[in-house]
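Heads up: the sequence shown at position 215 corresponds to 215 in full-length UniProt numbering, and the numbers run straight through without jumps. Heads up, the beta-carbon is just placed ideally off N, CA and C, and yes, glycines get one too.
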Amino acid sequence: MHRLLHKMDVLASAFLRSRRGGVMQLFAFALLPVMAASGLAVDGTRLFLVRDSVQRAVDAAGLAAGHTLLVDDMESDARSFFDANFTNIEDVATLTDFTMVTNADNSVIDVSATVSVDTTFMALFGFDEVTFTRTAQITRETRGMELALVMDNTGSMRSSGKMSAAITAAHNLIEAVFGSEDVNPNLWVSLVPYTATVNIGTQHTEWLTLQGQADVGVGGNYEPTSWIGCVNARSGGLDETDDTPDLAAFTPYLYADNVDNNWILTDAGGNITGFDLDERNIAQNNGRGPNLGCGPPITPLVASKTVLNTAIDAMQPWHRGGTAGNLGLVWGWRALSPSWRGFWEGTANATLPLDYEEPFMDKVVVVMTDGTNEFFDFTDHEPDDGEGPDGSDHTAYGRLGEFGFSSKNAGRAEIDARFSRTCEAMKAEGIIIYAITFGSTPTSSTQDMFRNCATKTSFFFHAPSNSELEDVFTTIGRQLSNLRISQ
Numbered sequence: 001m002h003r004l005l006h007k008m009d010v011l012a013s014a015f016l017r018s019r020r021g022g023v024m025q026l027f028a029f030a031l032l033p034v035m036a037a038s039g040l041a042v043d044g045t046r047l048f049l050v051r052d053s054v055q056r057a058v059d060a061a062g063l064a065a066g067h068t069l070l071v072d073d074m075e076s077d078a079r080s081f082f083d084a085n086f087t088n089i090e091d092v093a094t095l096t097d098f099t100m101v102t103n104a105d106n107s108v109i110d111v112s113a114t115v116s117v118d119t120t121f122m123a124l125f126g127f128d129e130v131t132f133t134r135t136a137q138i139t140r141e142t143r144g145m146e147l148a149l150v151m152d153n154t155g156s157m158r159s160s161g162k163m164s165a166a167i168t169a170a171h172n173l174i175e176a177v178f179g180s181e182d183v184n185p186n187l188w189v190s191l192v193p194y195t196a197t198v199n200i201g202t203q204h205t206e207w208l209t210l211q212g213q214a215d216v217g218v219g220g221n222y223e224p225t226s227w228i229g230c231v232n233a234r235s236g237g238l239d240e241t242d243d244t245p246d247l248a249a250f251t252p253y254l255y256a257d258n259v260d261n262n263w264i265l266t267d268a269g270g271n272i273t274g275f276d277l278d279e280r281n282i283a284q285n286n287g288r289g290p291n292l293g294c295g296p297p298i299t300p301l302v303a304s305k306t307v308l309n310t311a312i313d314a315m316q317p318w319h320r321g322g323t324a325g326n327l328g329l330v331w332g333w334r335a336l337s338p339s340w341r342g343f344w345e346g347t348a349n350a351t352l353p354l355d356y357e358e359p360f361m362d363k364v365v366v367v368m369t370d371g372t373n374e375f376f377d378f379t380d381h382e383p384d385d386g387e388g389p390d391g392s393d394h395t396a397y398g399r400l401g402e403f404g405f406s407s408k409n410a411g412r413a414e415i416d417a418r419f420s421r422t423c424e425a426m427k428a429e430g431i432i433i434y435a436i437t438f439g440s441t442p443t444s445s446t447q448d449m450f451r452n453c454a455t456k457t458s459f460f461f462h463a464p465s466n467s468e469l470e471d472v473f474t475t476i477g478r479q480l481s482n483l484r485i486s487q
């Protein structure tokens, strides 16, 4: 403005000294402020529009960075969104600087852009360009989270140190989401180990049918041993839902005595007399008894990192039965479903699980397998030494023939279909799913099934090796930690 006034002062002085063409000079002199005002109006309007566009681009960049899960991707995502919103003004404005910085815990993001704009009319008065900076600050909300880790504990995890790697991987994820604290505000995690069945814990006998309660109670049919908590799958499609046990009770998983699991000793009269606990200890992995293949119990939502790490360390591979990933997944859903509020004894907060639409809360499931869904065939013959579909091990669905199929491939296809339908039902409720296949056993179709199960393609991971599994869980843990402070 000072330069503009100086220009006008010079022109006015020249006009006052001139004695020729008074009328034209007077007109020209009067026209100067009109031209300046018009030029200022034209250029000013354009500058206003450009400033507004740049501010919107900066705001979009900040919000994009705020929603980015990986810290390393924040700046590139911010720049991409800025560029996408800046393209419509590139013909009149030039970006000279763009920066994005965060505070120490990445909860506050500052974005700035410096832009220069060429003038038109104002250039006549020495103003060739105007430079300005627009800024935005985004404060990311700390969100709450209910998280379920659905972990494969089947017998194949025994080989090549895979279970040890899975335990380390789970610890890595827990460390990433909890940080240095044992308890974080509004963060609860459940652990759901699965085999060919799932262990709900012996404290939940009220979830069983009346006959089931009689079978596992004092004086039941399996004394002197006891039921350790695994249940069969419910029929009629209820193995794919979060329906509670008051609507449809469960039956206890009890592996029948037969040639593939000969655990009952009989006297001469054929009566049950119990069994030698040293040789047929039902609590021992790879042993015998009615609980054969029943893994560790579910840990319901807890807020303590210490409790979770203890439960993770208790995981071990359990031979026999096969793999029922769909049951692990559906129990992961039940661990987070508000329909199950009040059912999970031991949950410190009686209000858990929270509603699906609880503000500033996310429900997340991480599901992992090292194989394919299948009915395992341990003996290569059916229990009565004949041939046929009943030759599979006992599972939460019974044996293969009891499941209604005559081949392992048909049984696998049905379990896969139930797995996929359960995924879709969970995602329809807003549950975020991360899916992981591990090792060399998962087929391409299994990997595709897990990829389709994940909420996003980028939420699917295949980890061919132990070290890669540990890295994957660390990556997911960091993403989940970042999600908790996304606005």
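Which of the three DSSP states, helix, strand or coil, is assigned to residue i?
| i | result |
| --- | --- |
| P317 | coil |
| D97 | strand |
| F178 | helix |
| I298 | coil |
| D152 | strand |
| A233 | coil |
| residue 529 | Nothing in the structure corresponds to residue 529, since the chain is present only between 1 and 487. |
| L210 | helix |
| E468 | helix |
| residue 495 | Absent from the structure is residue 495, since the part of the chain shown begins at 1 and ends at 487. |
| G293 | coil |
| G342 | coil |
| T168 | helix |
| T306 | helix |
| A350 | coil |
| T68 | coil |
Within 10 angstroms of the Cβ of residue i, are there 16 or more other Cβ atoms? Answer buried if so, exposed if not.
| i | result |
| --- | --- |
| A214 | exposed |
| D152 | buried |
| N291 | buried |
| A324 | buried |
| P185 | exposed |
| H345 | As written in the sequence, residue 345 is Glu, which differs from the His given in the question. So E345 counts as exposed. |
| A65 | buried |
| E402 | exposed |
| F459 | buried |
| T87 | exposed |
| T133 | exposed |
| T68 | buried |
| Q211 | exposed |
| N373 | buried |
| N85 | buried |
Measure the alpha-carbon distance for residue i versus residue j and round it to whole angstroms.
| i | j | result |
| --- | --- | --- |
| L483 | T120 | 47 Å |
| G388 | R399 | A caution first: G388 carries a pLDDT of 47, below 50, which makes its placement in the model too unreliable to give a value. |
| V130 | S116 | 6 Å |
| L265 | W227 | Because L265 sits at a pLDDT of 49, beneath the cut-off of 50, its placement in the model cannot be relied upon, and the following sentence gives the value as read from the coordinates. Rounded to the nearest angstrom, the two C-alpha atoms are 18 Å apart. |
| A417 | A93 | 55 Å |
| I476 | L173 | 7 Å |
| F375 | S440 | 19 Å |
| E181 | L147 | 17 Å |
| N199 | F81 | 47 Å |
| E429 | L247 | 20 Å |
| R143 | V364 | 13 Å |
| D471 | M368 | 14 Å |
| D276 | K456 | With a pLDDT of 44 at D276, under the threshold of 50, the modelled position of this residue cannot be trusted; read the value that follows with caution. When rounded, the distance between both Cα atoms is 51 Å. |
| V192 | D239 | 16 Å |
| K305 | M315 | 16 Å |
| N466 | G161 | 8 Å |
| H319 | A425 | 30 Å |
| L301 | S337 | 11 Å |
| F473 | T168 | 9 Å |
| S164 | H171 | 11 Å |
| A78 | D105 | 18 Å |
Considering residue i, what are the terminal residues of the alpha helix (DSSP H) in which it resides?
| i | result |
| --- | --- |
| G325 | G325 to L336 |
| M449 | S444 to C453 |
| E402 | L400 to F403 |
Check for me: the beta strand (DSSP E) holding residue i runs from which residue to which?
| i | result |
| --- | --- |
| I109 | V108 to D118 |
| A136 | E129 to T139 |
| A463 | F460 to A463 |
| M426 | Taken as a continuous stretch (DSSP letters only), M426 belongs to no beta strand (DSSP E), being part of the alpha helix (DSSP H) at K408 to A428. |
| L187 | L187 to Y194 |
With DSSP as the reference, please indicate the residues paired to residue i in a beta bridge.
| i | result |
| --- | --- |
| F438 | A463 |
| E146 | W188 and K363 |
| I432 | V364 |
| L322 | Checking the sequence shown, residue 322 turns out to be Gly, not Leu. DSSP lists F375 as partners of G322. |
| F250 | L208 |
| A396 | G398 |
Less than 7 Å separating the Cβ of residue i from some heavy atom of the ligand COA?
| i | result |
| --- | --- |
| S467 | The ligand COA is not part of this structure, which contains no ligands at all. |
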